[in-house]
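Protein chains in written order, with the numbering used here: chain Y, 2 to 455; chain L, 15 to 167; chain C, 11 to 558; chain R, 33 to 225. Heads up, the beta-carbon is just placed ideally off N, CA and C, and yes, glycines get one too.
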Amino acid sequence: MADFLTRHTKDPAQKKLDTARGRGAYEGFRRALAMSRQEVVAEIDASGLRGRGGAGFPTGRKWSFIHAKEGQSVYLLCNADESEPGTFKDHHLMTFDPHLVLEGVAVGAYAIGAHRAYIYLRGEYASIAETLAAALREATAAGIIGQSCLGSGYDLSVGLQLGAGAYICGEETGLIQSLEGKRAYPRVRPPFPAVHGFLREPTVVNNVETLACAARIMAEGAEAFARLGTRQSAGTKLISVSGAVERPGVYEVEMGYPLMQFLSHEAGGISGGRRLKAIIPGGTSVPVLTAEEAAPLTIDYESMLSAGTMLGSGGMIVFGDGTSMPHALLRIAEFYAHESCGECTPCREGTGWMAWVLRRLLAGEGRPGDLGLLLRVGDNIEGRTICGLGDASVQPVRSFIRKFRQEFEALAPLPVAFPAWQLHGHGPRTGRFGPPVEEAAQSQPVEGPPDYVL
Amino acid sequence: MLTSEGLEEIEATRAEEPSARHALLTALRVTQRERHKVGPEEIEYIAGLLGLSPAIVEGVARFYDQITASPTGQHIVRVCGGITCYLSQSDRVAQDLKGFLGIADGEETSPDGEFTVRLVECIGDCDHAPAGMLDDRFVGPLDERALRTISER
Amino acid sequence: MPIVTIDGRQIEVEPGTSVIQAADQLGVEIPRFCYHPDLEPEGNCRMCLVEVDGFPKPVVACATPVVDGMVVKTPHTSPVASRAVRGVLEFLLVNHPIDCPICDKAGECSLQDFYMHPDYGQHRSHVDSKEKVHKAKRVDLGPRIVLDAERCVMCSRCVRFSENVTGYAELQFIRRGNHVELVSFEEQALQDPYAGNFADICPVGALLSRDFRFKRRVWKLDYTSSICAGCSTGCNLRIDHYDGHIERLIPRRNPDVNRSWLCDEGRLSYKQLAMAPRVTHPHQDGEKALWVKVTAAADELLRAGTLGKGLPLAALASASATNETLWLFRRYVEAAFPRHLLEFRLAQETEAVRERQDKLLRRIDKHPNTMGALHLGYTAGMGLEGLVREAEAGRLGALLMLYYPPLVGEESEETKDRIRRLLELAQESVLLTTHHLPYLAGAKILLPVAAWSEEEGTYTNYQGTVQHANGAVGSPSAARPAAEVLGDLMRQATYGRPETEPGRVFAEIAEKVPAFRGLRYKELASRLATAYPPEGRMPYGKDGFTGH
Amino acid sequence: MAKTASRVIDVRAEAERKSAGLRSTTGTLAGLEVTLRNMVRPQHVTIQYPEQRKAYSRRFRGVHVLTLREDGSLKCTACYLCETVCPAQCISIDAKDVDDPRIEKAPSRYEIDLARCIFCGFCVEACPEEALIMSREYDLAVTARDPETLTYGIEDFTERPQIAFYGAGFRPHPEYPLVESYVPGERDGTPER
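Given below as structure tokens:
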């Protein structure tokens, strides 16, 4: 159990500016303001902070992509559209420590030279928006945010925007479109938001937790953060665990914390004395792990990658013995079919088709070859869509069918006509997950990755 | 059509943002909150208010789940249908809740127009599975006590 | 400038060019729905996926800018890209009704062409009709467009056109996922004066032209390149005709003039040709006459009225005539009648030529060739009004008039009155025209000429661009191109043996008129080879079709 | 082995055997066999047309028939495929809207110039709806040469009494029984002219 971010979240009084400031809130922002922008970016870069929304892209590098031309405004958008099923860490953070989030926004905005920042919350978080708005009023009244923040001469205004119920708004370009009052259709990249983002100006979209980390890093120094965690995954991670565990909730753990230990200690073990059947480690958009696969893993980016999955948003969903995986998969597939924005063809038609086939299998109306059809449809979606939602919808389908094949075959009418390679894959898949982490860290990025796993 | 409070909220957003279109989402939220629906007349009203074509307003309004074309009740109960809550049988919970509130099968709104119960996608409160919301408040887990609290309201 | 290799062929392109533009320049066909050369790229259809060396997965050609040394493989040569495109096509067919036999777009439908393509075609649709998502069919969107939402592939071309090009923003998508549906708010009729373009830019049969609907299967049509004669913009268009009847007009792409668009007035201008009965035979004093006799009579009449009495000839030409006709008209008048008033019909046209009606294409001046007339030496002079005054004062000996009724709108009552009056007052009048109109009844000799779409020639638009139009259909009965009639008139009194074939007349103009110097008729005519979309591709069995 | 060998025919010996004996007589009689047989057969080769008519094959390609839906409307969707495929270019169609929103269009005019028709049946094969089939009607003699006489329209193709008299001919699925109501006038009757 670590407390880099959540040291004070247990105390309801932390929402009050006075209490929070007494505990060091906005000291990180004050320190950042004393530094140049480049120094702040360098500090974050040195800390090894990676995006906490899901993709895990180094935050310092993302900020360094911003090169505003003369006359351009820069925008920071804080992605609080936490819609990934099984993820509620930002919910927790914003509810219990809104000033930390605001400080993170201020630090991020200062680092990229933005004078306007938005926090985009999903529509369901209206009550949290009130908390944040109250905190923002306090901070503005105290001269922390607004004209000449903390007397530094740096101006920043923060806007709050509530969504209205669309998962795709968590995708960074979808978020930008939604903020601009359009249908949240993700934009095709290039150009990346760092060049053409909100209002076609350079824009950075960061997750709530990322920005909170940035604030704490500025307060405690890069060294304090980099000391935590593993070499590739610095710092701590908020894990929101739910499903078949005794104590579901949000826990902060140091990167590299053993997964099984987390489940048995923090999460209180599998509920009802059952055995672990499977675990989705980072929101439904990442491949599922069987109990055997999960056993040796630790909670960090590289360990998850070695098992062919991702840490993602840290939204762990635990399945106990006796859970029907096909039913669970259908629910997940229906989620993606419902939330696909319908902009690009493969995702629009493919997600609906996969859900349709699964529904028919579970209704006992499956046709021979349906499992193969599911996998093939998945292959046709993956890597062909504008944003990550298409890829994300494929991961559960493919991993559930491969790893819990018997349960699906019991539904599918014989013969199950699909070739063995479809079941077992060609070996380690590249594509979505890219090269192994070590290589990725050394190679130059060709694109600014999305902040949010979709 | 809208209360002065709602209009003020839209106006404030519009003043803050670079163009009228940026206030569209806020306008839709406010309208939904006050009118409990955003149907054709509301769309034309918003279009007039913001100087947009009704088609654009309709396109955006029909994109979001929380903006509804048909009227909802005074209070809306969202039962989470996300994977975690689904595994805690939230679909049955929704059924039970509808029973409590006297909402007929296949309907979403109670006959007195007081409550709408809707099974929605993940609402981000999975540790309280089966999670639910009463208007903007999280009220999970939806155990028997929570259901009674809601229905007695 | 970056050099890119596409399917083994190299091309040097401007920086910032996208892969699909480079491929279009090379003539390599990349399938596409959402990309349109005159709209912002959106990248949503995923049909233009190509394999690029060094990229881990296929990329969309429409949104990927060319980088120097880039090696691109299209679905024609790359199995990776072909597989990707097949996958996308399979998805597109999931919820498409595949009702090609009763769809008016069949034959010029991109989806149909693509799914039958040997390199990346995909016929499979595993989905029963009852499993498909059903949407609104046969939605009436006003007088121009009928919508079938089930056929829509959600490429958003129409949405972008309506939002970004005309600004009416009347079409939008609603809902999400595979329930996304194209709608007009409350099924309201489209107000857009460019609504007809929706049917052209729609790659499938979702938005259909109400005018052309059910009229003719497209593979029956013959195509002729022409220029719109509805106003002085001179939009490039294609006349689609069958069996001597014009079935529709659709725009041809010309980035300098009309891009890919055509206004609804221009699109329906062919219907104006049927506004009144056509003049089918030469008439003398209200009686049908023979060309051989009537030509001589006309020349005789004009000369008797002017040379005999020492009065000038009023020669009134129309700015709707081709450059060649106007040139011969002027030559005849100048050669035969030493005293003449060579008039350009409406004085105000010379001012109106630069005036706009809207921001996109439509202009106030409804004559396609005002600028050409000005270049050919016609000046405003006294105008129609002045001629009427002269006639009233008895200072006109005879009248030679070339008149084409407007194809967009109607003459003002005032103008009609003046024409009627002029024909009444001028005792000796020869009128070359196309239609029997009430205000033209006073002419002594009536010579039927070919209308627009029936004769070949060039028009000069308001920008001064000389453009070539082909004759598409035949003239009724004895009507002949005005240039030929004028040539005959000149031969009557051996004022010369002029060339009347448009190409030769044009060569003469190019030689003598500064504004036309250096232009070559053949080059103008061959520019018309570029056809509307996708460039160069035409339905089955027609020239330039690259599939199958 | 022996059995197999015994089946071998010695061609030369066989020929010699056949050529021996009463070769000329039997040869003549064999040649006359068919003639002689027909000489004593009781049937007539010709029939008393038009009082008598031959029954033609179920696949006979006679004058066309437009089939109907159960509600009596034309099945034809005016897709123009028959017009497109027609090698004689004798079909011409105009389409119109219909009230039923599920149906895109229907023909307002459907004409075949039977004087030009070569009865190849391509139109029937092209029809995706089995809306156009052929009857076994074959006698089309007319006394006037004006083009109207042999240009049949929708009414002729659905209501003329000859359809009932001759019955259905060439159609894409002869194995399926014809639903009576689909084929107008597929009943007993005599042709009227």
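Review point. Nearest-angstrom Cα distance between Lys67(C) and Val189(Y)?
Key: If you take the alpha carbons of Lys67(C) and Val189(Y), they lie about 15 Å apart.
Check your understanding: Is the CB-CB distance between Asp210(C) and Glu180(C) below 8 Å?
Key -> Cβ atoms of Asp210(C) and Glu180(C): not closer than 8 Å.
Check your understanding: Should Ala308(C) and Ile455(C) be called a contact, given that it needs their Cβ atoms to be closer than 8 Å?
Key -> One thing to note: Ala308(C) has its Cβ within 8 Å of the Cβ of Ile455(C).
Check your understanding: chain L beta carbons: is any one of them nearer than 8 Å to that of Phe336(Y)?
Key -> At least one chain L Cβ lies under 8 Å of Phe336(Y).
Practice item. Could you confirm whether any beta carbon from chain C is found closer than 8 Å to the beta carbon of Pro82(R)? Key: Chain C, which has no Cβ nearer than 8 Å to the Cβ of Pro82(R), makes this no.
Exercise for review: Taking a Cβ distance cut-off of 8 Å, strictly less, list which residues of the segment 93-112 of chain L are near chain Y, in chain order.
Suggested key: Against chain Y - using a Cβ distance shorter than 8 Å - the residues of the segment 93-112 of chain L are Gly95, Gly96, Ile97, Thr98, Tyr100 and Leu101.
Exercise for review: Kindly identify the DSSP beta-bridge partner or partners of Asn80(Y).
Suggested key: Asn80(Y) is bridged by DSSP to Tyr121(Y) and Asn208(Y).
Review point. For Ile211(C), which three-state DSSP category applies?
Key: Ile211(C): helix per DSSP, three-state reduction.
Check your understanding: Residues of chain C with CB under 7 Å from Phe152(L), in chain order?
Key -> Per Cβ cutoff of 7 Å: no residues; Phe152(L) is ~25 Å from chain C at best.
Check your understanding: Between Ile600(C) and the rest of its own chain, which residues show a CB-CB distance below 6 Å, the 5 nearest in sequence each way excluded?
Key -> Absent from the structure is residue 600(C), since the part of chain C shown begins at 11 and ends at 558.
Exercise for review: Provide the residue(s) that pair with His133(C) in DSSP beta bridges, ordered along the chain.
Suggested key: Per DSSP, His133(C) has no beta-bridge partner at all.
Review point. Going straight from the alpha carbon of Glu46(R) to that of Val40(R), what length do you get?
Key: A direct Cα-Cα distance of roughly 11 Å separates Glu46(R) from Val40(R).
Check your understanding: Which residues bound the beta strand (DSSP E) around Asn246(C)?
Key -> In this chain, the beta strand (DSSP E) harbouring Asn246(C) covers Asn246 to Tyr252.
Exercise for review: Give the straight-line distance between the Cα atoms of Ile402(Y) and Glu410(Y), rounded to the nearest whole angstrom.
Suggested key: About 9 Å.
Check your understanding: Can you tell me the Cα-Cα spacing of Ile145(Y) and Glu139(Y), whole angstroms?
Key -> If you take the alpha carbons of Ile145(Y) and Glu139(Y), they lie about 9 Å apart.
**Study point:** For Leu447(C), the nearest candidate out of Leu394(C), Ala286(C) and Arg42(C) (CA to CA)
**Key:** Nearest C-alpha to Leu447(C): Ala286(C).
Review point. Is there a Cβ from chain Y that is less than 8 Å from the Cβ of Lys67(C)?
Key: Closer than 8 Å to some Cβ of chain Y, the Cβ of Lys67(C) qualifies, so yes.
Check your understanding: What separation, rounded to the nearest whole angstrom, lies between the Cα atoms of Gly365(Y) and Leu412(Y)?
Key -> Distance between Gly365(Y) and Leu412(Y), taken at the CA atoms: about 7 Å.
Review point. Does Gly53(C) get closer than 8 Å to chain Y when you measure Cβ to Cβ?
Key: With respect to chain Y, the C-beta atom of Gly53(C) has a partner C-beta closer than 8 Å.
Review point. Which two residues bound the contiguous beta strand (DSSP E) that contains Gly146(L)?
Key: Looking at the DSSP string, the run of the beta strand (DSSP E) that includes Gly146(L) is Gly146 to Leu148.
**Study point:** Reference Tyr119(Y), options Asp301(Y), Leu103(Y), Val159(Y) and Ile318(Y), closest by Cα
**Key:** If we check each option's Cα against that of Tyr119(Y), Val159(Y) comes out closest.
Practice item. Just the chain C side, please: which residues come within less than 7 Å of Arg275(Y) by C-beta, in chain order? Key: Scanning chain C for C-beta atoms nearer than 7 Å to the C-beta of Arg275(Y) yields nothing, as the closest lies near 35 Å away.
Check your understanding: If we ignore side chains and look at the alpha-carbon of each, how far apart do Gln103(L) and Pro144(L) end up?
Key -> Taking the CA atoms as reference points, Gln103(L) sits about 7 Å from Pro144(L).
Practice item. Give the residues of chain L in contact with Arg186(C), contact being defined as C-beta atoms less than 7 Å apart. Key: Residues of chain L passing the Cβ test: Phe77.
Check your understanding: Can you check whether the CB of Arg154(C) is closer than 8 Å to the CB of Gly206(C)?
Key -> Their beta carbons are under 8 Å apart, which means Gly206(C) touches Arg154(C) by this criterion.
Practice item. Provide the residue(s) that pair with Cys94(L) in DSSP beta bridges, ordered along the chain. Key: Answer is Val134(L), bridged to Cys94(L).
Review point. In the segment 108-126 of chain C, which residues sit with their C-beta less than 9 Å from some C-beta in chain Y, listed in chain order?
Key: For the segment 108-126 of chain C, the beta-carbon criterion of a distance under 9 Å to any beta-carbon of chain Y is satisfied by none of its residues.
Check your understanding: Listed from N- to C-terminal order along the chain, which residues in the segment 218-238 of chain C have their beta-carbon within a distance smaller than 9 Å of any beta-carbon of chain R?
Key -> Residues passing the 9 Å Cβ filter: Arg223, Phe224, Lys225, Arg226, Arg227, Trp229 and Lys230.
**Study point:** Which of helix, strand or coil DSSP assigns to Lys281(C)
**Key:** Correct three-state label for Lys281(C): helix.
Exercise for review: Within its chain, find whatever has a CB closer than 6 Å to the CB of Val42(Y); leave out the 5 residues flanking it on each side and keep chain order.
Suggested key: For Val42(Y), where only same-chain residues beyond five positions count, the Cβ hits under 6 Å are Gly61, Trp64, Ser65 and Ala112.
Review point. If you draw a straight line from the alpha carbon of Glu257(C) to that of Cys170(Y), how long is it in whole angstroms?
Key: It is roughly 47 Å from the alpha-carbon of Glu257(C) to the alpha-carbon of Cys170(Y).
Exercise for review: Could you confirm whether any beta carbon from chain L is found closer than 8 Å to the beta carbon of Leu424(Y)?
Suggested key: Low confidence applies to Leu424(Y): its pLDDT is 42, below 50, so where it sits in the model is not reliable enough to give any reading.
Review point. Who are the neighbours of Pro85(L) on chain C, taking C-beta pairs under 8 Å?
Key: None at all; the shortest Cβ gap to chain C is about 18 Å.
Check your understanding: Closest by CA to Tyr168(Y), which one among Phe226(Y), Asn80(Y) and Leu101(Y)?
Key -> Among Phe226(Y), Asn80(Y) and Leu101(Y), the Cα nearest to that of Tyr168(Y) belongs to Asn80(Y).
Review point. Does any residue of chain C bring its CB to less than 8 Å from the CB of Ala163(R)?
Key: Chain C contact via Cβ: absent.
Exercise for review: Can you tell me which of Pro128(C), Ala325(C) and Val476(C) puts its alpha carbon nearest to the alpha carbon of Cys238(C)?
Suggested key: Nearest in C-alpha terms to Cys238(C), of all of Pro128(C), Ala325(C) and Val476(C), is Val476(C).
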